[in-house]
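First the structure, in the form of structure tokens, and then the observations on it.
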Amino acid sequence: MRNALHFLVIWLAALAILVGAAWFSLSHTTQAWFDKDLALRSELAVSGARSALLQDLEQGRDANLTPLLEDIARDERILGAAVCSGPRVVAATRAWPRELSCAELGGHLVAVGRPIPSWNSSLPLPGGEVHVSAITLNRGVPTAGFAVVVHDLSFVARREASTRQFLLAAFAILALLASAVTLLSVRILWRGFGHALRQLASGQDDSRRREFQPLLKDLRDLLERLSREEQAELQGGLWSPERLKLTLQRHLHGERMIVMANREPYIHNRQPDGSIRVLHPASGLVSALEPVMRACSGVWVAHGAGSADRETADMRGRVRVPPGEESYSIRRVWLSPEEEQGYYYGFANEGLWPLCHVAHNRPIFRAEDWRHYQEVNRKFVDAVCDEVDGENPVILVQDYHFALAPRMLRERLPGATILTFWHIPWPNPEQISICPWHAELVDGLLGSSILGFHTQQHCNNFMDAVDRFLEARLDRGAFSVARHDRTTLVRPYPISVEWPNHWAQGAPTPEECQAAVRAELGLPLDAKLGMGVDRLDYTKGIEERLRAVERLFEREPEWIGRFSFLQLASPSRTLIDRYQRLNDDVEQLVNRINERFGTGDWKPVILRREHTEPADVFRYYRAADLCYVSSLHDGMNLVAKEYLAARSDERGVLILSKFAGAAHELTEALQVNPYDIEEASGALSTALHMPPQEQAARLRVMRSLVAEFNVYRWAGRMLIEASRLRSREQIAGILSSSQPGLKVPR
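The sequence shown begins at 1199 in the working numbering and counts up one residue at a time.
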């Protein structure tokens, strides 16, 4: 008993010291927390309206700025907001504190000798202390204008007072309880010690399981809170590169991302004159992921296929891109001709591609191709592991080229967050079972933390395949698969494009593009122009598209000489026989149509079978009166969304195959069955006759959807869900290690 009293005195003395230290540091710590939180709130508030504010400021529409600022200041804690241009207040809300000087705030943004994107501080004003955030509108160039958000800090003082009172009361109650519990527990512990030893010796541990239930309840509460935070994050306005970067910092602690994809975003090719040219490949995957990498940084692991790729990379195959910006790295993997033939041309594109697209081309599977596919997947995994700089990396595995990689990565990096996205359709179990190694493909993908598809139907098909071919525990309500003590979430993430499109910066206006493109093609200024943009692939319905154009001229000959169709067809997989035949068939079809309806120098169909840089494609989008996407079967097809993103003038018509994944979202497009030539040619006629008011109404709805559900939101959703899954797995690991007899679902 004497030892217990001695312990109690020491404990109370330590408690008193702790109270004093906590009291002293509380105000400083609380202020720092609030400053950081208010800075983040200000950044998010301005992020959603940044593009509109900058556009109105640059175009002198000062009257439009005030409603935007009032919308930012709707939060009751925000005292006021303003937009400054140099020392001048361009626009401000009614409650804006007039004591604040734009000249002084602008000086802080360059006080360190170079422009910085934002400045935050607490300042005293006659009405009380406030928190001020000055945020540049144009990527760290304060001279282009900056926004100022002022938070009222009176609530901070109230919270600090409440916290101090609560802290004092809590410590007082804790001291009293500790005194009573310490004296009482001495007797109880000695009495129960022998009984506990007997239970442990006999292996009776049911009580431990019952005692652990409160902690399990806390775990469930935590997961519910994370779910609420995810919803709040997704409903916070338009996604942008800045918001995606903040999401990565907030949820995954700013860890760099590693992308594994077959195609690289920048290809270095040696030209005939000896110079090196940088090309942007024609790829929906690249156009979607490249803006994400520019925003978040990291490493893109890809096949180095360019003729000058080796000489432009360092000894480890690395090169910084984009040229001139160098915001992330490419790690190039070198393949032998045999590996490329077997893995890429063989198994991936003669086997999986036709199998998944159901495009009436017989898939071919060879044992030698499968061996190369395994070897190349392992080689890419080696490269990714070589780039990892922590125990919990974030890895994005892309597409059907790497179905085995997630499982290989999981075995070598157990703590990794692996996000796999399958960019093409996933067929039903009967179709996928045609592949002799279908079970290995499904098991390989289940090494992922999260497995994403474009549509819910593709998720359903994958779950059915798991149920049919593997021993696993499926939760169809939560769309998760448990196998090998790991859980994989299966989710639909419709991919999209960047918004706003960075090719629009410095690009000619739609009117200028229309005039320049018609002059380039030798067309009259009032001629109508349609277009299609594709890799030269049999799944894109290029032949069906051209037959619809031919049928339009048969049905409505008045369009002869007044309407031309531009087909941009980038050569693809030219070593495969089926693609060589397609190239010949398309050329013969174009020649036939031009011979039937061409007059003089005018051609009804203009075919360009060459690589076209994204900046030029953007100009053609702005010049075309209609864009026809005629996929016979497709995961998404981003051409449709790229066309919408380019039409800032709200003119033009989108004709969209109902078999493209984009058709599920873009319901205001003219949707057709590309196999039905009569229906497709009728849609072309409707598009050519559509009045401008209807064009604008349709485009306005679809453009707003693409703006809201852009590629940054696509990546943000996966990162947020990955963060939740990582938190759950970490908690489960802690619980399992602390209670070996307790099984916690992961």
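Glycine is no exception: its CB is placed at the ideal position from the N, C-alpha and C atoms.
Classification of Glu1628 by the beta-carbon crowding that lies within 10 angstroms, buried from 16 upward: Result: exposed.
C-beta contact flag for Leu1773 and Tyr1543 at 9 Å: Taking 9 Å as the Cβ cut-off, Leu1773 and Tyr1543 qualify as a contacting pair.
Within 9 Å, strictly: CB atoms of Asp1458 and Val1519: In the sequence as presented, Asp is not what sits at residue 1458; that position holds Met. For the 9 Å CB-CB criterion, Met1458 and Val1519 do not form a contact.
Identity of the residues DSSP links to Phe1344 by a beta bridge: Residue pairing of Phe1344 in beta bridges, as defined by DSSP: Cys1282, Thr1334.
Cβ distance (whole Å) where Leu1446 is taken to contact Leu1917 below 8 Å: Right, the Cβ-Cβ distance comes to about 6 Å (below 8 Å), so this counts as a contact.
Contact check, Tyr1910 vs Leu1242, beta carbons under 9 Å: Going by C-beta atoms, Tyr1910 is not nearer than 9 Å to Leu1242.
Chain-order list of residues whose beta-carbon lies under 6 Å from that of Tyr1526 (same chain, five-residue window excluded): Excluding residues up to 5 positions away in sequence, Met1491, Ser1495, Gly1496 lie with their Cβ nearer than 6 Å to the Cβ of Tyr1526 in the same chain.
For Pro1591, the nearest candidate out of Ile1693, Ser1647, Gly1325 (CA to CA): Nearest C-alpha to Pro1591: Ser1647.
Alpha carbon of Pro1439 to alpha carbon of Ala1493, nearest angstrom: Their Cα atoms are separated by approximately 5 Å.
Backbone secondary structure at Pro1552 - three-state DSSP: Looking at Pro1552 - three-state DSSP - the assignment turns out to be helix.
Environment of Ile1693 [buried if 16+ CB atoms lie within 10 Å]: Classification for Ile1693: buried.
Beta-carbon gap between Arg1640 and Ala1663 smaller than 9 Å: The sequence as given places Val at residue 1640; Arg does not occur at that position. Their beta carbons are under 9 Å apart, which means Val1640 touches Ala1663 by this criterion.
Close beta carbons around Arg1820, own chain, < 6 Å, minus the five adjacent residues each side: Counting only residues of its own chain and dropping the five nearest sequence neighbours on each side, Arg1820 has a CB closer than 6 Å to the CB of Pro1708, Cys1711, Ala1844.
Inter-residue CB distance, Val1586 and Ile1456 (contact presumed, cutoff 8 Å): Yes, Val1586 and Ile1456 are in contact; Cβ-Cβ is about 7 Å, under 8 Å.
Close-in-space but distant-in-sequence residues of the same chain around Leu1787 (CB under 7 Å, 5 per side omitted): Counting only Cβ-Cβ distances below 7 Å, and skipping sequence neighbours, we find Glu1741, Leu1744.
Ile1632 classed as buried or exposed, judged by whether at least 16 other C-beta atoms fall within 10 angstroms: Only exposed fits Ile1632, as fewer than 16 other CB atoms lie within 10 angstroms of its CB.
Backbone CA spacing between Glu1509 and Arg1569 [nearest angstrom]: Looking at the two C-alpha atoms, the distance is approximately 29 Å.
For Gln1893 and Glu1848, believed in contact at Cβ under 8 Å, the rounded distance: The C-beta distance from Glu1848 to Gln1893 rounds to 7 Å, short enough to fall under 8 Å.
Same chain only: Cβ atoms within 7 Å of Glu1888, ignoring 5 sequence neighbours per side: Before going further, note that residue 1888 is Met rather than Glu in the sequence given. Excluding positions up to five away in sequence, the list reads Val1851.
Cα-Cα separation, Ala1680 to Cys1657: Their backbone Cα atoms lie some 15 Å apart in a straight line.
Selection from Arg1689, Ile1465, Val1346 that minimises the alpha carbon distance to His1501: When each option's Cα is compared against that of His1501, the closest is Ile1465.
Closest by C-alpha distance to Val1281, when choosing among Asp1273, Arg1292, Arg1275, Glu1274: Out of Asp1273, Arg1292, Arg1275, Glu1274, Arg1292 has the C-alpha closest to the C-alpha of Val1281.
Per-residue burial, His1558 [other beta carbons within 10 Å of its own, 16 or more giving buried]: Exposed, because fewer than 16 other Cβ atoms sit within 10 Å of the Cβ of His1558.
Cβ-Cβ separation, Ile1804 to Ser1762 (assumed contact under 8 Å), whole Å: The pair is a contact, with the Cβ atoms about 6 Å apart (cut-off 8 Å).
Reduced DSSP category for Asn1547 - H, G, I as helix; E, B as strand; rest coil: The answer is helix: DSSP assigns Asn1547 an H, G or I state.
Cutoff 9 Å: Trp1800 Cβ touching any chain B Cβ: The structure shown contains no chain B; it holds only a single protein chain.
Buried/exposed call for Val1899, threshold 16 Cβ in 10 Å: Exposed.
CB of Ile1622 within 9 Å of CB of His1555, strictly: For Ile1622 and His1555, yes; Cβs fall inside 9 Å.
Burial state of Leu1602 (16 or more Cβ within 10 Å): Counting the other Cβ atoms within 10 Å of the Cβ of Leu1602 gives 16 or more, which makes it buried.
Residue interval of the beta strand (DSSP E) (run including Pro1520): First-last for Pro1520: undefined, no H or E at that position.
Assigned secondary structure, Trp1498 (DSSP; H/G/I helix, E/B strand, else coil): In the three-state reduction of the DSSP assignment, Trp1498 falls in the strand class, which pools E and B.
For Phe1816, the nearest candidate out of Ala1702, Val1330, Gly1472 (CA to CA): The shortest CA-to-CA distance from Phe1816 to any of Ala1702, Val1330, Gly1472 is the one to Ala1702.
Three-state class that DSSP yields for Ser1352 in the structure shown: Ser1352 falls in the helix class under three-state DSSP.
Buried or exposed by the 16-neighbour rule on C-beta atoms within 10 Å, applied to Trp1757: Buried, because 16 or more other Cβ atoms sit within 10 Å of the Cβ of Trp1757.
Contact belief for Gly1650 with Arg1689 at Cβ below 8 Å, rounded distance in angstroms: Your pair Gly1650 and Arg1689 checks out as a contact, with CB atoms roughly 5 Å apart and the cut at 8 Å.
Beta carbon of Val1837 nearer than 9 Å to that of Gly1482: Going by beta carbons, Val1837 and Gly1482 fall inside the 9 Å limit.
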